[in-house]
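Line by line, the protein sequences give chains A and B. Going by the working numbering, the first sequence opens with residue 6, and the numbers climb by one from there. Going by the working numbering, the second sequence opens with residue 36, and the numbers climb by one from there. Idealized CB from N, CA, C, for every residue including glycine.
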Amino acid sequence: MSALAEIRNYTLNFGPQHPSAHGVLRLVLELDGEVVVRADPHIGLLHRATEKLAETRTWLQSVPYMDRLDYVSMMCNEHAYCLAIERLLGIDVPLRGQYIRVMFDEVTRILNHLLNIGTHALDIGAMTMVLYTFREREDLMDCYEAVSGARMHAAYYRPGGVYRDLPDRMPQYQESPYKNASTVRKLNEARQGSLLDFLDDFTQRFPRYIDEYETLLTENRIWKQRTVGVGVIDPDRAMALGFTGPMLRGSGVAWDLRKKQPYEVYDQIEFDIPVGVNGDCYDRYLVRMEEMRQSNRIVRQCIDWLRLNPGPVITGNHKVAPPSRQTMKANMEELIHHFKLFTEGIHVPEGECYAAVEHPKGEFGIYAVSDGANKPYRLKIRAPGFAHLAAMDEMARGHMISDVVALIGTMDVVFGEIDR
Amino acid sequence: MNNAKGERLFRAVAELLGDKALTVTAKASGCAVDVAAGRYRDVAALLRDHPSLRFEQLIELCGVDYSAYSGAARPERRYGVVVQLLSIVHNWRLQLRCFPDDDEFPVVDSLVEVWPAANWFEREAFDLFGIVFDGHPDLRRILTDYGFVGHPFRKDFPVSGYVEMRYDPEQGRVVYQPVTIEPREITPRIVREPNYGDVGVG
Numbered sequence: 006m007s008a009l010a011e012i013r014n015y016t017l018n019f020g021p022q023h024p025s026a027h028g029v030l031r032l033v034l035e036l037d038g039e040v041v042v043r044a045d046p047h048i049g050l051l052h053r054a055t056e057k058l059a060e061t062r063t064w065l066q067s068v069p070y071m072d073r074l075d076y077v078s079m080m081c082n083e084h085a086y087c088l089a090i091e092r093l094l095g096i097d098v099p100l101r102g103q104y105i106r107v108m109f110d111e112v113t114r115i116l117n118h119l120l121n122i123g124t125h126a127l128d129i130g131a132m133t134m135v136l137y138t139f140r141e142r143e144d145l146m147d148c149y150e151a152v153s154g155a156r157m158h159a160a161y162y163r164p165g166g167v168y169r170d171l172p173d174r175m176p177q178y179q180e181s182p183y184k185n186a187s188t189v190r191k192l193n194e195a196r197q198g199s200l201l202d203f204l205d206d207f208t209q210r211f212p213r214y215i216d217e218y219e220t221l222l223t224e225n226r227i228w229k230q231r232t233v234g235v236g237v238i239d240p241d242r243a244m245a246l247g248f249t250g251p252m253l254r255g256s257g258v259a260w261d262l263r264k265k266q267p268y269e270v271y272d273q274i275e276f277d278i279p280v281g282v283n284g285d286c287y288d289r290y291l292v293r294m295e296e297m298r299q300s301n302r303i304v305r306q307c308i309d310w311l312r313l314n315p316g317p318v319i320t321g322n323h324k325v326a327p328p329s330r331q332t333m334k335a336n337m338e339e340l341i342h343h344f345k346l347f348t349e350g351i352h353v354p355e356g357e358c359y360a361a362v363e364h365p366k367g368e369f370g371i372y373a374v375s376d377g378a379n380k381p382y383r384l385k386i387r388a389p390g391f392a393h394l395a396a397m398d399e400m401a402r403g404h405m406i407s408d409v410v411a412l413i414g415t416m417d418v419v420f421g422e423i424d425r
Numbered sequence: 036m037n038n039a040k041g042e043r044l045f046r047a048v049a050e051l052l053g054d055k056a057l058t059v060t061a062k063a064s065g066c067a068v069d070v071a072a073g074r075y076r077d078v079a080a081l082l083r084d085h086p087s088l089r090f091e092q093l094i095e096l097c098g099v100d101y102s103a104y105s106g107a108a109r110p111e112r113r114y115g116v117v118v119q120l121l122s123i124v125h126n127w128r129l130q131l132r133c134f135p136d137d138d139e140f141p142v143v144d145s146l147v148e149v150w151p152a153a154n155w156f157e158r159e160a161f162d163l164f165g166i167v168f169d170g171h172p173d174l175r176r177i178l179t180d181y182g183f184v185g186h187p188f189r190k191d192f193p194v195s196g197y198v199e200m201r202y203d204p205e206q207g208r209v210v211y212q213p214v215t216i217e218p219r220e221i222t223p224r225i226v227r228e229p230n231y232g233d234v235g236v237g
């Protein structure tokens, strides 16, 4: 027997059923003791071939598929898809529709960051965070419900605008064996007015909530020990690896499509772009926190504008958007439009187009090729998380195995969009 | 992108690439360049490094199968590789497209050396379209199942696939069997002539 025991690297399967794998990530880790030598993410366990399915559906029928890509920032996915169709068709969205889109993009950004920060903290040991962030997510999902009827998969953005105008009434809580009359009354207090009143009330409360989160995490010693100096990426490398969104801004690159290549009415709205300094997990956390404050600011500006300016929310071109129910039932021409639109769908002229939005996770893009039919010829979805997760190997090398969990959290991976 | 800037990008690209590119077109969102497969990698490196262009980010790379394309702009080759590039310094975009020469066994150079971000995107294009990227360090399947046969995004691959998976209680494990679902089309694919439905037309 030799004096030295044979030392071999240990291969560990992390996931696909691991609570902090954020879904169905199978990560094959090669370990030297507790240090990661190689990380090989196996993805595709949630692959549904959305892009192939879209080729067999009309342009409109694919809108709900977009919700199911990144299922924590639903409306932003729809936004990129609708933008691509609108650019191919060459149509404009009414101004009120644009403001509603911007407002819901920012509501979605807050929803996404709340989930990200809550679960990221949960993964690395701060159990309470998620309880607070989910409390606020509840309010925002009520806004989703009020405009679309669905709390998550809204299908609210349509080519040419949004499906309908903002409602005058919020959904109310009902008495039940679990909620007595006084609880229901308290919950419904803010829900007495219109959606805009409710959101207005929320935006006034929300900055205080962010301060609460900051007291829990920002100076928290354990949180800083787990995130500061972990997963450092310098700006040049971040660009080469195709990083976008908070992952790029965390490394100090001030790049935001809302400012640099503005779409909708972002060029008329005041907000700031936070950037990090060190490019580690902690800086990316700080960037996300500040982005929530900025989103809150944008939502407030949209509310003020929307209160003063009524108008159409979807284009009047009935080859793209359906006519109103009243005119459809009274007018033969409109009835034909309605029938053709829902049986045959929109005809998009031949061409190709890449449309991108600043999604909460980074640049979310749709590359659409049309050969003039009522269905896409090819649809490619550029998911920000896909490029981020591809850098997992490089970022995890040399870190401890427990840091891998922090990295997954900071990348904000959601498998709906990565696997598509 | 405003017109003056788009014009500047178009002229810089046309001047720099010259006869290296098949076509250079100005688009609303930037510029589109088609290149032959042989010059693809050189052009990519040039686009990244030249100070007047500086495309430091590869945003996206995808395969396209043009075999069922019915429009006028149908390319000669069956497959295409479409790359979306972004310059953060100059704030402009460019679409680079190349066509592998052989329709039976499409091969193009890998861009991993130029932009590391291309790694997974090329694996995906290989997995879904069977386009081989020469020089890729680790060209494995990425999205489809372990042991999957075929390239599912090719136009001749049915949406329902060829095999389905179920649990077999007798063998006590998961087995593969030929698909039992019938393919169906709810809305047919229709291409209408221009101005269809306008007064006096169609």
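Using the C-alpha atoms, what's the distance from residue j back to residue i?
| i | j | result |
| --- | --- | --- |
| I166 of chain B | I48 of chain A | 19 angstroms |
| D69 of chain B | D147 of chain A | 48 angstroms |
| I413 of chain A | V237 of chain A | 13 angstroms |
| P164 of chain A | P365 of chain A | 21 angstroms |
| Y202 of chain B | Y211 of chain B | 9 angstroms |
| R305 of chain A | K380 of chain A | 38 angstroms |
| M252 of chain A | K55 of chain B | 35 angstroms |
| F45 of chain B | L51 of chain B | 10 angstroms |
| G237 of chain B | Y162 of chain A | Residue placement at G237 of chain B is poorly supported in this model, since its pLDDT is 47, which falls under 50; the coordinates are not used for a value here. |
| G106 of chain B | S153 of chain A | 36 angstroms |
| D202 of chain A | P315 of chain A | 15 angstroms |
| D169 of chain B | R76 of chain B | 10 angstroms |
| Y76 of chain A | W155 of chain B | 22 angstroms |
| P328 of chain A | I341 of chain A | 10 angstroms |
| P151 of chain B | R224 of chain B | 38 angstroms |
| A335 of chain A | Y168 of chain A | 21 angstroms |
| G65 of chain B | M297 of chain A | 31 angstroms |
Should residue i be labelled buried (16 or more other beta-carbon atoms within 10 Å of its own) or exposed?
| i | result |
| --- | --- |
| R210 of chain A | exposed |
| Q197 of chain A | exposed |
| A396 of chain A | buried |
| Y183 of chain A | exposed |
| N1 of chain A | Shown here, chain A extends from 6 to 425; a query on residue 1 of chain A therefore has no answer. |
| G247 of chain A | buried |
| T60 of chain B | exposed |
| E143 of chain A | exposed |
| I177 of chain B | buried |
| K385 of chain A | buried |
| I216 of chain B | exposed |
| N38 of chain B | exposed |
| R425 of chain A | buried |
Would you mind telling me which residues of chain B sit closer than 7 angstroms to residue i, beta carbon to beta carbon, in chain order?
| i | result |
| --- | --- |
| Y359 of chain A | S64, Q119, Q130 |
| G49 of chain A | I177, L178, T179 |
| R383 of chain A | V99 |
Assuming residue i contacts residue j (C-beta within less than 8 angstroms), just tell me the rounded distance between them.
| i | j | result |
| --- | --- | --- |
| I90 of chain A | V318 of chain A | Their Cβ separation, rounded to whole angstroms, is 17 angstroms, which puts I90 of chain A and V318 of chain A out of contact at 8 angstroms. |
| G107 of chain A | I303 of chain A | The residue asked about is misnamed: residue 107 of chain A is Val in this sequence, not Gly. Between I303 of chain A and V107 of chain A the Cβ distance is about 7 angstroms, and since that is below 8 angstroms, they are a contact. |
| L428 of chain A | L171 of chain A | Beyond the ends of chain A as shown, which are 6 and 425, falls residue 428 of chain A; an answer cannot be given. |
| V124 of chain B | E91 of chain B | 7 angstroms |
| I122 of chain A | T133 of chain A | That pair is no contact at about 12 angstroms. |
| A361 of chain A | L200 of chain A | At roughly 28 angstroms, the Cβ-Cβ gap does not stay under 8 angstroms, so A361 of chain A and L200 of chain A are not in contact. |
| A151 of chain A | M79 of chain A | Between M79 of chain A and A151 of chain A the Cβ distance is about 15 angstroms, and since that is not below 8 angstroms, they are no contact. |
| P389 of chain A | G250 of chain A | 6 angstroms |
Which residues in chain A sit within 7 angstroms of residue i, going by Cβ to Cβ distance?
| i | result |
| --- | --- |
| N154 of chain B | A395 |
| P151 of chain B | A245, L246 |
List the residues that DSSP assigns as beta-bridge partners of residue i.
| i | result |
| --- | --- |
| K184 of chain A | A:S181 |
| P204 of chain B | Note: P204 of chain B sits in no beta bridge, so no partner. |
| H47 of chain A | A:R31 |
| E363 of chain A | A:E368 |
| E95 of chain B | B:Q119 |
| Q130 of chain B | B:A67, B:Q119 |
For residue i, which residues in chain B fall below 8 angstroms Cβ to Cβ?
| i | result |
| --- | --- |
| L58 of chain A | V194 |
| E91 of chain A | Correct list: empty, because the minimum Cβ distance to chain B is about 12 angstroms. |
| G350 of chain A | T222 |
| Y372 of chain A | E95, C97, V117, Q119 |
Residues of chain A with CB under 9 angstroms from residue i, in chain order?
| i | result |
| --- | --- |
| E91 of chain B | D241, M244, A245 |
| P187 of chain B | A54, K57 |
Please compile the residues from chain B whose C-beta is within a distance smaller than 9 angstroms of the C-beta of residue i.
| i | result |
| --- | --- |
| K366 of chain A | The contacting residues do not exist; K366 of chain A stays about 14 angstroms from chain B at best. |
| D206 of chain A | Chain B residues near D206 of chain A: none, gap ~38 angstroms exceeds 9 angstroms. |
Report the neighbours of residue i on chain C: residues whose CB is nearer than 9 angstroms to its CB, in chain order.
| i | result |
| --- | --- |
| N379 of chain A | Of the chains in the structure shown, none is chain C; the protein chains are A and B. |
Please compile the residues from chain A whose C-beta is within a distance smaller than 8 angstroms of the C-beta of residue i.
| i | result |
| --- | --- |
| Y202 of chain B | Neighbours of Y202 of chain B on chain A: none; closest Cβ ~17 angstroms, over 8 angstroms. |
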